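In the working numbering, the protein residues as written are 362 to 580. The structure under discussion appears below in the form of structure tokens.
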């Protein structure tokens, strides 16, 4: 066997081992290995809510300095789709292209990919809440994401009251951080104090925004 054949065989074994490592590390996450070369890899990050889906290709390329460049590329299925575009906008606010101080072969790379997966999970959770709200309530979202301002008009039939609730959402921490909303009276019976007290007592977690909007409507 020639030296070149031996080196090629060792390289193939290293890549097989690395692929297995990535496949094992991706279990239970939103990312999967898509393609793998000696100093380069592409991973697929995917999340979805109802009928919308977002896919981001994570391109990793090692450098001669033992560092890696990471490029995040959204894969638009329909650039005109409101929710798909919003999902990518949220993700790109939280994750940027970057140079990291470790190689493709480092255990830190899997930690980095899990970090992207956790971001996708937060975006998915927020998008699910926004889509819940959009089904039943008139709402608007701010262009600024730091913080994101969600304004929701709520009609409480029981008390014949129309309210405006303004949520300031920290994309870095949603849904684990407490939100203190603004509640404003629009029409009919004024129940702003009762609504604010009730929805402020809701604990952060799954369906956080939707739980507050629903309680304001049903109180």
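Ideal Cβ positions, reconstructed from N, Cα and C, are used throughout, including at glycine. A quick note: this is a predicted structure, and the numbers were derived from the prediction, not measured.
For residue j and residue i, believed in contact at Cβ under 8 Å, the rounded distance
i	j	result
residue 429	residue 516	About 52 Å separates the two Cβ atoms, so there is no contact after all.
residue 524	residue 546	6 Å
residue 419	residue 477	6 Å
residue 503	residue 510	4 Å
Nearest candidate by alpha-carbon position, reference residue i, set the options
i	options	result
residue 534	557, 480, 572 and 573	480
residue 454	531, 513, 474 and 519	531
residue 448	520, 487, 499 and 542	487
residue 552	529, 562, 540 and 580	580
residue 446	521, 395, 510 and 417	417
residue 443	410, 433, 434 and 540	410
Check whether residue i and residue j have beta carbons under 8 Å apart
i	j	result
residue 400	residue 422	yes
residue 408	residue 484	yes
residue 500	residue 512	yes
residue 526	residue 536	no
Residues that residue i bridges to, as DSSP identifies them
i	result
residue 419	404 and 433
residue 545	525
residue 501	512
residue 449	Partner(s): none; residue 449 has no beta bridge.
residue 506	509
residue 466	For residue 466, which the question treats as bridged, DSSP gives no partner whatsoever.
Rounded straight-line distance, which links the Cα of residue j to that of residue i
i	j	result
residue 424	residue 385	25 Å
residue 375	residue 559	58 Å
residue 573	residue 383	39 Å
residue 431	residue 565	32 Å
residue 397	residue 426	20 Å
residue 472	residue 555	45 Å
residue 562	residue 544	14 Å
residue 405	residue 440	19 Å
residue 569	residue 438	28 Å
residue 576	residue 557	10 Å
residue 388	residue 549	53 Å
residue 518	residue 490	22 Å
The ligand HEM heavy atom lying under 7 Å from the CB of residue i
i	result
residue 425	For the structure depicted, the ligand HEM is absent and the ligand set is empty, with no information on it obtainable.
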